[in-house]
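Order-wise, the sequence lines are chains A and B. All residue numbers for the first sequence refer to the working numbering, where the first residue is 4 and numbers rise by one. All residue numbers for the second sequence refer to the working numbering, where the first residue is 66 and numbers rise by one. Heads up, the beta-carbon is just placed ideally off N, CA and C, and yes, glycines get one too. Computed from a predicted structure; not experimentally measured.
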Amino acid sequence: MNNVVKDSKTSRKPFRLDNKKREWASGYLFILPWIIGVCIFTLWPIIQAFYYSFCEAVFRGNSIVATFTWFENFKYAFATDTKFPTMIREYLLEIVVQVPFSLTFALLISMILNQNIKLRGMWRVIYFLPAIIISGPVVSELMSQGSTTISVASDNIGSAIVSIIPEFFGKLITILFDKLILVLWYTGIPILIFLAGLQRLNKQIYEAAAIDGASKWQSFWKITLPSMSSFILVNAVYMIVTLSNSSLIQEAASSEATSTMSIAQYIATQYTSATGRGYGYACCLGIIYLGIILLHIGLYALIFVPKKPRIKKGGR
Amino acid sequence: MLPFLIVLIVLALVAILIFTPNPIIVKLHGGPIRINKKKVKKVMLGMNFTDGLVYKLFIYIFLVIVSFIFLYPMIYMLLTSLKPQMDLADSASGLLPSSLYFRNYVEAFKQLGYLKALYKSIIVAMLPTLFNVIIGCLTAYGFARFNFPLKKLWFAIMIITYIVPTALISIPRYAWYAKLKLLGSILTYILPSSLGQGLCFALYFMILYSTFKRLPVQLEESARIDGANNLQIFFRIALPLVIPSVITVLLFSFVWYWNDSETASMYLNIVKAGQDAPRWITLPIALQNFQNSLLDRGEREIILYQGVKMAAVFLSILPLLINYFVLQRFFVEGIEKSGIAGE
């Protein structure tokens with residue numbers, strides 16, 4: 004057995020070089036269904052939406068009639084439309100507060116669960132439960148009953164705190180607490196991912212740091228956090244995408260503001276309902292939305308993309 | 066209240082420890098008892114704080130409070146669904162029902178058309194899930210094991226498919242389905258998922274991809290030397306080794322399709338030409354329809370119907386709950402083992 008393994012190792016390189024083309028072909032064969040799908044169902048729609056966002060386009064029967072109007076849609080979205088800019092502002096405020104908060108929370112919980120703790124399985128089951136049941140009608144039903152909010156305003160201590168600090172931060176805190184439970188409900192998967200990352204950390208590094216006189220606090224900032232950066236990035240992307248696609252959180256936000264719609268729903272009404280401005284405008288809003296999400300993810304990527312390792316990892 | 070009391074008591078004990086001289090002498094009937102302060106301190110604060118009593122108490126109280134927050138909506142839902150109408154009409158009544166009232170469930174069962182919707186839900190969630198898993202495994206294996214030109218580009222595209230908001234993608238898709246007269250048919254689910262564009266596909270891909278990546282190459286190489294071709298290696302060697310991750314993906318995909326009421330109401334809750342009612346009424350849609358039918362009624366009746374509504378909500382997620390508690394090990398294992406962000 005040992006012999007065979009050794010042989011395969013030594014013969015690997017020439018084998019691959021000789022059959023490079025074959026390897027290409029088999030690789031492409033394996034991912035062929037996905038490539039077809041991604042071209043038809045994702046790339047082409049994005050290109051189409053991009054094109055139509057510069058058009059005045061409406062449904063006529065079953066086909067789309069489009070006339071090219073350059074930046075009219077974009078101008079309308081920011082200058083004339085009364086709802087969309089407020090929605091975007093609310094959404095940005097929300098997500099800027101919620102993502103760091105939920106990531107911190109998830110990291111905290113996973114670090115606690117990673118310790119020697121009794122009933123670890125039970126805690127994990129509880130914290131992961133909401134990720135299973137979270138769903139449109141269920142949560143919106145619970146929300147309409149007011150069972151998902153911890154109201155700051157009704158609480159004496161809360162309102163006192165909010166009144167002391169500047170208005171802007173007060174607003175941020177109110178946003179956070181209004182959707183606290185909802186946001187926490189989404190942290191099930193980030194907690195799991197962090198746990199997986201923590202379990203892979205080498206305990207000996209901590210021991211070495213402790214011998215050198217590092218406190219727990221220092222070893223958290225100098226060891227845990229840097230080695231978790233790729234996990235933080237993945238979780239940040241996950242949270243941003245989930246929060247942007249889930250209409251629930253936004254619904255809760257915008258219901259206080261202008262309307263009871265999320266951005267996604269607002270976009271959908273543009274082309275499904277008679278009062279909307281049509282297909283082209285919907286595409287334009289979608290493109291703007293995509294741009295905002297990409298920018299936000301890019302920001303996290305700038306901070307958390309792992310730097311090139313100074314010491315090369317052996318093995319693999 | 067209880068957690069706060071415990072915290073107060075612990076804080077008081079710590080304060081006593083700090084501000085009294087050593088040793089503490091407690092005068093009792095049988096004579097004074099000497100308490101060695103150092104020993105007490107060791108029990109309370111531990112050798113390096115994290116193994117002390119104070120720290121442990123603090124952690125467990127924190128965990129309990131957080132899990133209460135996580136469970137509160139569920140508890141609220143269950144309790145409300147068991148309330149008789151008397152309790153619902155009386156706004157002064159608390160969280161607990163005065164008596165258990167199971168008629169709500171009977172009513173909700175009828176209103177939802179439960180068995181039929183359940184059957185439809187299972188089909189609508191299961192079929193695309195199977196495709197997700199099959200295509201997911203193939204694609205992940207292709208990316209993990211083979212080198213081919215433009216691999217990085219395709220990988221980036223994979224990530225982009227995850228980031229693009231569904232709101233944007235669903236606009237052209239909706240137009241196509243309308244053109245092809247597919248709206249209201251389950252093909253709107255099967256077509257994208259059979260080509261790897263199902264719900265959250267990129268996430269499943271990442272789980273499977275990092276699992277395949279962690280398999281030792283030597284196994285496959287030795288099979289290749291023994292004369293196996295790529296397909297044989299994939300099916301006989303690689304696939305059996307990633308079964309836990311496959312199960313995780315299967316479960317997640319099922320759950321998320323089950324819960325996805327937005328896509329369902331967009332593509333499925335539509336009357337197709339030649340039919341008098343939508344064919345694929347899943348549980349979330351049935352629930353939505355039931356809620357909308359309540360909106361037409363008066364204020365008072367809405368309040369009285371709250372119990373039934375909550376019972377309906379509970380019934381619609383009941384299969385998922387059973388699923389979760391039976392198989393919860395698998396939900397967690399795949400993600401923990403593969404570690405999406407690994408290398």
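8 Å Cβ shell around Ala213(A) - same chain, five flanking residues per side excluded:
Closer than 8 Å at the Cβ level, and outside the excluded window around Ala213(A), lie Ser222.
At what residue ranges does the stretch 214–260 of chain B contain a whole run of the alpha helix (DSSP H), taking only runs of 4 or more?
With a minimum length of 4 residues, the continuous alpha helix (DSSP H) runs that stay inside the stretch 214–260 of chain B are 216–228, 231–244, 252–259.
From Gln393(B) to Tyr79(A), what does the alpha carbon distance come to, in whole angstroms?
Computed Cα separation, rounded: 49 Å.
With DSSP as the reference, label Val79(B) as helix, strand or coil.
Three-state result, Val79(B): helix.
Span separating the alpha-carbon of Val79(B) from that of Arg127(A):
Looking at the backbone, the Cα of Val79(B) and that of Arg127(A) are separated by about 31 Å.
Residue range of the alpha helix (DSSP H) that His299(A) falls in?
Following the DSSP letters along the chain, one finds His299(A) inside the alpha helix (DSSP H) bounded by residues 282–307.
Considering Cα atoms alone, identify which of Ala182(B), Ser318(B), Ala77(B), Asn354(B) is closest to Ile136(A).
Residue Ser318(B) is the option with its Cα nearest to Ile136(A).
What does Pro133(A) reach in chain B if we use C-beta pairs closer than 7 Å?
Close to Pro133(A), with beta-carbon spacing below 7 Å, are these residues of chain B in chain order: Phe135.
Secondary structure of Lys92(B), DSSP reduced to three states:
DSSP places Lys92(B) in the strand class (E or B) of the three-state scheme.
Under three-state DSSP, which class holds Ala69(A)?
In the three-state reduction of the DSSP assignment, Ala69(A) falls in the strand class.
In three-state terms, what does DSSP make of Cys202(B)?
In this structure, Cys202(B) counts as helix in the three-state DSSP scheme.
Within 8 Å of chain A by C-beta, residues of the stretch 195–212 of chain B in sequence order
Taking 8 Å as the Cβ-Cβ cut-off against chain A, the residues of the stretch 195–212 of chain B that qualify are Ile200, Leu203, Thr204, Tyr206, Gly207, Phe208, Arg210, Phe211, Asn212.
Cα-Cα separation, Val282(B) to Glu26(A)
Rounded to the nearest angstrom, the two C-alpha atoms are 15 Å apart.
Which residue's Cα is closest to the Cα of Ala304(A): Val240(A), Leu198(A), Ile98(A), Ala109(A)?
When Val240(A), Leu198(A), Ile98(A), Ala109(A) are compared, the shortest CA-CA separation from Ala304(A) is found for Val240(A).
Using 8 Å as the cut-off, can you tell me whether the stretch 172–182 of chain B makes contact with the stretch 371–390 of chain B, which would need three or more C-beta pairs spanning the two stretches below that distance?
Contact between the stretch 172–182 of chain B and the stretch 371–390 of chain B is established, with three or more Cβ pairs separated by less than 8 Å.
Output, in chain order, the set of chain A residues within a Cβ distance shorter than 7 Å of Gln262(B).
Near Gln262(B) (Cβ distances below 7 Å), the residues of chain A are Gly40, Val41, Phe44, Thr45.
Put Pro162(B) into one of helix, strand or coil per three-state DSSP.
Looking at Pro162(B) - three-state DSSP - the assignment turns out to be coil, as it is neither helix nor strand.
Jot down the residue ranges of each uninterrupted alpha helix (DSSP H) in the stretch 62–129 of chain A, minimum 4 residues, whole runs only, in chain order.
Those alpha helix (DSSP H) runs which fall completely within the stretch 62–129 of chain A and span 4+ residues are 75–78, 86–116.
Do Gly372(B) and Asn169(B) have their CB atoms nearer than 8 Å?
Remark: C-beta atoms of Gly372(B) and Asn169(B) approach each other more closely than 8 Å.
Decide if Gly292(B) is buried, meaning its Cβ has at least 16 other Cβ atoms within 10 Å, or exposed.
Burial call: exposed.
Opposite Glu59(A) in the DSSP bridges: which residues?
Its beta-bridge partners are Thr70(A).
Indicate the three-state DSSP secondary structure (helix, strand or coil) for Pro281(B) in the structure shown.
Of the three classes helix, strand and coil, the one that applies to Pro281(B) here is coil, per DSSP.
Under a Cβ-count criterion, where at least 16 other Cβ atoms within 10 Å of its own Cβ denotes burial, should Arg238(B) be classed as buried or exposed?
With 16 or more neighbouring CB atoms inside 10 Å of its own CB, Arg238(B) falls in the buried class.
Between Leu201(A) and Asn117(A), is the Cβ-Cβ spacing less than 8 Å?
The answer is yes: Cβ separation under 8 Å.
Rounded C-beta distance between Gly283(A) and Ser56(A)? I'm assuming under 8 Å.
For Gly283(A) against Ser56(A), the beta-carbon gap comes to about 7 Å, under 8 Å, which counts as contact.
Trp97(B) bridges to which residues according to DSSP?
Here residue 97(B) turns out to be Pro, not Trp, going by the sequence shown. Beta-bridge pairing links Pro97(B) to Lys92(B).
Pairwise C-alpha distance: Met231(A) and Ser259(B):
A straight line joining the alpha-carbon of Ser259(B) with that of Met231(A) spans about 35 Å.
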